[in-house]
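As structure tokens, the structure follows; a few thoughts come after it.
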Amino acid sequence: MMYPYLTLDEDTEIVHSEMDENGRVKVYIEKADETDGFHSAYCILPDYCWQEINGFSDEDIRHFQSIIEDNAHLILELSQHGGFDHAAGF
Numbered sequence: 366m367m368y369p370y371l372t373l374d375e376d377t378e379i380v381h382s383e384m385d386e387n388g389r390v391k392v393y394i395e396k397a398d399e400t401d402g403f404h405s406a407y408c409i410l411p412d413y414c415w416q417e418i419n420g421f422s423d424e425d426i427r428h429f430q431s432i433i434e435d436n437a438h439l440i441l442e443l444s445q446h447g448g449f450d451h452a453a454g455f
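In the numbering used here, the protein residues as written are 366 to 455.
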């Protein structure tokens with residue numbers, strides 16, 4: 366299951382998975398593109414391992430890396446409580 370986390374100004378969506386049994390969380394980034402449909406990538410926390418980067422530049426990934434680093438503690442916590450919608454009171 367993927368949970369919404371953040372929508373950036375340029376309509377880029379950031380969602381995250383539940384934490385798996387090994388303590389990892391997949392953070393997926395996607396943006397609609399008029400030319401090729403979607404740009405996408407995902408980052409595995411807590412290792413910050415980027416995979417399947419499609420359409421995003423190195424500069425884009427550095428920008429997303431910074432956002433994820435600044436929010437990793439929240440994403441990791443929310444991933445254990447069913448995202449924002451189920452995290453009241455954590």
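Beta carbons: idealized from backbone N, C-alpha and C, even for Gly.
Keep in mind that this is a model prediction, so the values were computed, not measured.
N-terminal and C-terminal residue of the alpha helix (DSSP H) that residue i is part of
| i | result |
| --- | --- |
| F429 | D423 to L443 |
Contacts around residue i, its chain only, beta-carbon distance under 6 Å, and the 5 residues preceding and following it disregarded
| i | result |
| --- | --- |
| F456 | Beyond the ends of the chain as shown, which are 366 and 455, falls residue 456; an answer cannot be given. |
| A437 | L410 |
CA nearest to the CA of residue i, picked from the options
| i | options | result |
| --- | --- | --- |
| E417 | L373, N387, V380 and I394 | I394 |
| L371 | W415, H446, V392 and N387 | V392 |
| D401 | G388, N419 and D412 | N419 |
Residues near residue i in its chain [Cβ-Cβ closer than 7 Å; skip 5 each side]
| i | result |
| --- | --- |
| V390 | H381, S382, M384, L410, I440, L441 and S444 |
First through last residue of the beta strand (DSSP E) which encompasses residue i
| i | result |
| --- | --- |
| T372 | M367 to T372 |
| N419 | C414 to N419 |
| E386 | E386 -> no beta strand (DSSP E), and no H or E assigned at all. |
Residue j beta carbon less than 8 Å from that of residue i
| i | j | result |
| --- | --- | --- |
| D376 | A397 | yes |
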